[in-house]
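Read through the structure below, which is laid out as C-alpha cells, and then see the notes.
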Amino acid sequence: MPENSKNIMGEVEIPHEIVKEGERELDNLPSIKKRIEKSIDEDISKALEIVLIGALFVKASDIHIEPEEEGSKVRMRLDGILHDVTNLDNSVTRKITSRIKLLAKVKLNVEDRPQDGRFTIVIPFKEDSLSVEVRMSSLPSEYGETVVLRLLDPRKLIAIKDLGLRKDLFHVFKREIEKPNGMVIVTGPTGSGKTTTLYAFLKTINKPGVKTITIENPVEYHLEGISQTEVNPERGYDFANGLRAIVRQDPDVILVGEIRDLETAQIGMQAALTGHLVFSTLHTNDAPGAIARLVALGEKAVNITPAINMVIAQRLVRTICPGCVKYEKLDADSFARIKEDLKTVKEDVFKIPSSSPNVPQPVGCKECNFTGYRGRIGIFEAFIIDEEMEEHLFKSPSTSETRKMAIEKGMVTIRQDGLIKVLKRETTLEEIDRVT
Numbered sequence: 085m086p087e088n089s090k091n092i093m094g095e096v097e098i099p100h101e102i103v104k105e106g107e108r109e110l111d112n113l114p115s116i117k118k119r120i121e122k123s124i125d126e127d128i129s130k131a132l133e134i135v136l137i138g139a140l141f142v143k144a145s146d147i148h149i150e151p152e153e154e155g156s157k158v159r160m161r162l163d164g165i166l167h168d169v170t171n172l173d174n175s176v177t178r179k180i181t182s183r184i185k186l187l188a189k190v191k192l193n194v195e196d197r198p199q200d201g202r203f204t205i206v207i208p209f210k211e212d213s214l215s216v217e218v219r220m221s222s223l224p225s226e227y228g229e230t231v232v233l234r235l236l237d238p239r240k241l242i243a244i245k246d247l248g249l250r251k252d253l254f255h256v257f258k259r260e261i262e263k264p265n266g267m268v269i270v271t272g273p274t275g276s277g278k279t280t281t282l283y284a285f286l287k288t289i290n291k292p293g294v295k296t297i298t299i300e301n302p303v304e305y306h307l308e309g310i311s312q313t314e315v316n317p318e319r320g321y322d323f324a325n326g327l328r329a330i331v332r333q334d335p336d337v338i339l340v341g342e343i344r345d346l347e348t349a350q351i352g353m354q355a356a357l358t359g360h361l362v363f364s365t366l367h368t369n370d371a372p373g374a375i376a377r378l379v380a381l382g383e384k385a386v387n388i389t390p391a392i393n394m395v396i397a398q399r400l401v402r403t404i405c406p407g408c409v410k411y412e413k414l415d416a417d418s419f420a421r422i423k424e425d426l427k428t429v430k431e432d433v434f435k436i437p438s439s440s441p442n443v444p445q446p447v448g449c450k451e452c453n454f455t456g457y458r459g460r461i462g463i464f465e466a467f468i469i470d471e472e473m474e475e476h477l478f479k480s481p482s483t484s485e486t487r488k489m490a491i492e493k494g495m496v497t498i499r500q501d502g503l504i505k506v507l508k509r510e511t512t513l514e515e516i517d518r519v520t
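Here the numbering used here is used: position 292 in the sequence shown is 376, and no number is missing along the way.
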C-alpha cells in the first residue's frame, strides 16, 4: 500500500497544491475536463482527486461515472442538471472505480451486484479544513460498473431565510415550526430539496433548552447539538421501530426522514398529538395530496387532521446568473397566461404589474458554466390545517376539492410561486415551465 494508506480507507485528504489549483483554475467544467485528462497520465489517485475537488468547486451535487461500449462518461450534476465533463478509456475507468471502492470500504472483487459505501473528503483550506461526506453507489451495467458519488457538502446547509420564501410564507413557516407540538410534512420528488428545508427548520429551532432527535436514511448532514440516528433494517432498526424508541427518549422535536408505511405514520402522528413537534417527508405531487397519501397507507382522516399543522410541497428551480443575464420584455401572450395563472393570488401577497414587464433571459458565461443559471431556490406551496379545513377533511373529500378549498383560503400554488419569482427577476419562465 502507498505510504498514505492511513488516509485511503474511508478518508482522502486533498493535497494543498491541488486545493490551490482548484481555487485558481477548477471553477468551470472545461478547465476540469482539461485537468482530468492531463492527470490521468500522471496518477490515477490524482485524477480522482481532481474530479472530486473540481466537483466541489463548481458546486456539483453528484458525480456520475458511466461505462459505455467505447469509453466511459464522467458527468456532474449542477443545479439539478447533468453535464458531460469528459470521456475516459474503460481501462482507466476500472482503475478509478477500484480506487473509489477502496475508499468507500466495499468489496473490490464484487462487480456483479450493487454496493453502497461512503468516504470523506478532507479539504485543507488556509483558515480551516472542510470535511465533505461522499455517498457511493455502484451498479453493474453492460459495459462495467456505473458509479455515482453524492457529495454532501455541509456548506449547503442554509437558514430558513435563504430558502427563497416569499415574506408572507416565511412568517407562516416560522409560526408553524415554533409551535410546541403537531406535525409538519414536506413533500416533493427526490432531489426537490426536502432535506435542506427540514434541516433549515432544525437550525432555526435548535436551542440549548430543546432536545431534538432524528431518524434518517441515511444521516446526510451532521448538526451540532442534535442527536441523529440512522436506520438499519438488517438489525431491525427501521423508521417505525426507531421512532417508537425515540419517543421514549423524551424529545421536544423529532425528525423522521420519511413516512413510508402505516406504522411510521401512526407513531409519528401519535407523537404529534402528545406534545412533540414532528417533522417528516412524504412523496406526493402537491401539498393537499399528502392527506390522500396517508389515507392510502391505511390511516383514517379523523386521526390525520388533528395531528398535522402544515403540509409543504416544493420544487427547486435554477436562479438566473447575475453575471451574464439580459432582460427582455415579456411577450403579450406569455404575460396574459401569467396573469391568468396568478388571478387567485391576493394583492397583499403579490401585486401583478399593470403592463408587460422585463424578465430575465439566460445567456451563459464562465461563471455559470455557460448555462445562464447559477444556484437554485425553492418554490413552495403550504397547506395549513385549521379548524375549517379539519372539518372539510372529515368528509373525505377528493384531493382536487381540498386543493380548491386551500386556494380559496389563500394558498399560493407551487407554479404561482414560481411565476412570482419570474416577475421578481429571480428565474425564467422557461425554468418554471420545465419544473412545474
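We put the beta carbon where it would ideally sit given N, CA and C, even for glycine. Since the model is a prediction, treat every value here as computed from it, not as a measurement.
Q) Just how far apart, CA to CA, sit residue 135 and residue 454? A) Position 51 of the sequence shown, counting from 1, holds the residue named residue 135. Position 370 of the sequence shown, counting from 1, holds the residue named residue 454. Answer to the nearest angstrom: the Cα atoms are 19 Å apart.
Q | Rounded separation between residue 376 and residue 464 - CA only | A | For the purposes of this step, residue 376 is taken as residue 292 along the sequence shown, with counting starting at 1. For the purposes of this step, residue 464 is taken as residue 380 along the sequence shown, with counting starting at 1. Near 19 Å, if we compare the C-alpha coordinates of residue 464 and residue 376.
**Q.** Nonlocal neighbours in the same chain, by C-beta distance under 7 Å from residue 374, ignoring five residues either side
**A.** By 1-based counting over the sequence shown, the position of residue 374 is 290. Same-chain partners within the cutoff: 269, 271, 366, 368, 395.
Q) With burial defined as no fewer than 16 other Cβ atoms inside 10 Å of the residue's Cβ, what is the status of residue 148: buried or exposed? A) Numbered from 1 along the sequence shown, position 64 holds the residue referred to as residue 148. The residue in question, residue 148, is buried, as its Cβ has 16 or more Cβ neighbours within 10 Å.
Q) Between the C-alpha atoms of residue 436 and residue 426, what's the straight-line distance to the nearest angstrom? A) Here residue 436 refers to the residue found at position 352 of the sequence shown. Here residue 426 refers to the residue found at position 342 of the sequence shown. If I take the Cα positions, the gap works out to 8 Å.
Q: Flag this pair as yes or no: are the beta carbons of residue 345 and residue 286 separated by less than 8 Å?
A: In the sequence shown, counting from the first residue as 1, residue 345 sits at position 261. In the sequence shown, counting from the first residue as 1, residue 286 sits at position 202. No, they are not a contact pair.
Q) So what does DSSP say about residue 373, is it helix, strand or coil? A) Translated into positions along the sequence shown, residue 373 becomes position 289. If DSSP states are grouped into helix, strand and coil, residue 373 belongs with the helices.
Q.
Here's the rule I'm using: 16 or more other beta-carbon atoms within 10 Å means buried, otherwise exposed. How should residue 144 be labelled?
A. In the sequence shown, counting from the first residue as 1, residue 144 sits at position 60. By the neighbour-count rule (16 or more Cβ atoms within 10 Å), residue 144 is buried.
Q) What did DSSP end up calling residue 387 once you bin it into helix, strand or coil? A) Counting from one through the sequence shown, the residue named residue 387 turns up at place 303. Correct three-state label for residue 387: helix.
Q.
I'd like to confirm the pairing. Which residues does DSSP put opposite residue 157 in its beta bridges?
A. Counting from 1 along the sequence shown, the entry for residue 157 is found at position 73. Answer is 150, 171, bridged to residue 157.
Q) Cα separation between residue 319 and residue 326? A) Your numbering for residue 319 matches position 235 in the sequence shown. Your numbering for residue 326 matches position 242 in the sequence shown. Whole-angstrom Cα-Cα distance: 11 Å.
Q: Put residue 410 into one of helix, strand or coil per three-state DSSP.
A: Here residue 410 is taken as the residue at index 326 of the sequence shown, counted from 1. Residue 410: strand per DSSP, three-state reduction.
(Q) If contact is defined by three or more beta carbon pairs under 8 Å, each pair taking one atom from either stretch, is the segment 406-417 in contact with the segment 490-499? (A) no
Q.
Pull the bridge partners of residue 398 from the DSSP assignment, please.
A. The residue you call residue 398 lines up with position 314 of the sequence shown. In DSSP, residue 398 forms a bridge with 464.
**Q.** Rounded separation between residue 104 and residue 176 - CA only
**A.** Taking the sequence shown and counting its residues from 1, one reaches residue 104 at position 20. Taking the sequence shown and counting its residues from 1, one reaches residue 176 at position 92. If I take the Cα positions, the gap works out to 25 Å.
**Q.** Endpoints, the alpha helix (DSSP H) within which residue 425 is located
**A.** Taking the sequence shown and counting its residues from 1, the one referred to as residue 425 is at position 341. Here the alpha helix (DSSP H) through residue 425 covers 416-425.
**Q.** Residue environment, residue 478, which counts as buried when at least 16 other CB atoms sit within 10 Å
**A.** By one-based count along the sequence shown, residue 478 stands at place 394. Burial call: exposed.
Q: Only counting runs of 3 or more residues, tell me where the beta strand (DSSP E) segments fall wholly within the segment 260-328, in order along the chain.
A: Within the segment 260-328, the complete beta strand (DSSP E) segments of 3 residues or longer fall at 266-271, 296-300, 311-314, listed in chain order.
Q. Grouping DSSP H, G and I as helix and E and B as strand, with all else coil, what is residue 519?
A. Counting from 1 along the sequence shown, the entry for residue 519 is found at position 435. DSSP places residue 519 in helix when its eight states are reduced to three.
Q | Collapsed DSSP secondary structure at residue 478 in the structure displayed | A | In the sequence shown, counting from the first residue as 1, residue 478 sits at position 394. In the structure shown, residue 478 sits in coil (DSSP, three-state: anything other than H, G, I, E or B).
Q: Just list the beta strand (DSSP E) runs in the segment 168-242, keeping only unbroken ones of 3 residues or longer that don't cross its boundaries, in chain order.
A: 199-208, 213-225, 228-236
Q. In whole angstroms, what separates the C-alpha of residue 140 from that of residue 237?
A. Residue 140 sits at position 56 when you count from the first residue of the sequence shown. Residue 237 sits at position 153 when you count from the first residue of the sequence shown. If you take the alpha carbons of residue 140 and residue 237, they lie about 8 Å apart.
Q | residue 275 Cβ short of 7 Å to the ligand HEM heavy atom set | A | Within the structure as shown, the ligand HEM is missing, as the structure has no ligands at all.
(Q) Determine whether the beta carbon atoms of residue 399 and residue 519 lie at a separation below 8 Å. (A) Here residue 399 refers to the residue found at position 315 of the sequence shown. Here residue 519 refers to the residue found at position 435 of the sequence shown. Closer than 8 Å, so yes.
Q) Going along the chain, which residues of its own chain have a beta-carbon closer than 8 Å to the beta-carbon of residue 343, five neighbours each way excluded? A) Locating residue 343 in the sequence shown gives position 259, where the first residue counts as 1. Only 269, 323, 349, 352, 364, 365, 366, 378, 381 meet the Cβ criterion.
Q. Is the segment 500-513 close to the segment 432-449, with three or more CB pairs under 8 Å?
A. yes
Q. Would residue 116 be called buried (16 or more neighbouring beta carbons within 10 Å of its own) or exposed?
A. Residue mapping note: residue 116 aligns to position 32 of the sequence shown, counting from 1. Buried is the call here.
Q | Where residue 340 sits in the DSSP three-state scheme | A | As a working mapping, residue 340 is identified with position 256 in the sequence shown. DSSP places residue 340 in strand when its eight states are reduced to three.
Q.
By the three-class DSSP mapping on this structure, what secondary structure does residue 364 have?
A. Translated into positions along the sequence shown, residue 364 becomes position 280. Residue 364 falls in the strand class under three-state DSSP.
Q. Can you give the Cα-Cα distance for residue 281 and residue 423, rounded to whole angstroms?
A. Position 197 of the sequence shown, counted from the start, is the residue given in the question as residue 281. Position 339 of the sequence shown, counted from the start, is the residue given in the question as residue 423. Cα to Cα, the separation comes out at about 29 Å.
Q. Who are the Cβ neighbours of residue 460 in its own chain at under 7 Å, not counting the five residues just before and after it?
A. Numbered from its first residue, the sequence shown carries residue 460 at position 376. Cβ neighbours of residue 460 beyond the five flanking positions: 163, 164, 400, 401, 402, 403.
Q.
I'd like the list of long-range same chain contacts for residue 362, defined as Cβ closer than 6 Å, with 5 residues on each side in sequence excluded.
A. Position 278 of the sequence shown holds residue 362. Within the same chain, residue 362 has close Cβ partners 267, 338, 352, 355, 356.
Q) What residues in its chain sit with their C-beta under 6 Å from that of residue 468, if we drop five residues either side in the sequence? A) On the sequence shown, position 384 is the one that residue 468 refers to. Counting only Cβ-Cβ distances below 6 Å, and skipping sequence neighbours, we find 394.
(Q) Using C-beta distances below 8 Å, list every residue in its chain close to residue 385, excluding the 5 sequence neighbours before and after it, in chain order. (A) Within the sequence shown, the letter at position 301 stands for residue 385. Excluding sequence positions up to five before and after residue 385, its CB lies within less than 8 Å of the CB of 375, 379, 477, 478, 480, all in the same chain and listed in chain order.
Q: Compute the Euclidean distance between the alpha carbons of residue 200 and residue 470, then round it to the nearest angstrom.
A: Start at 1 with the first residue of the sequence shown, and residue 200 comes out as number 116. Start at 1 with the first residue of the sequence shown, and residue 470 comes out as number 386. Those two C-alpha atoms are separated by around 43 Å.
**Q.** Limits of the unbroken beta strand (DSSP E) element including residue 445
**A.** Taking the sequence shown and counting its residues from 1, one reaches residue 445 at position 361. From DSSP, the beta strand (DSSP E) with residue 445 extends over 442-445.
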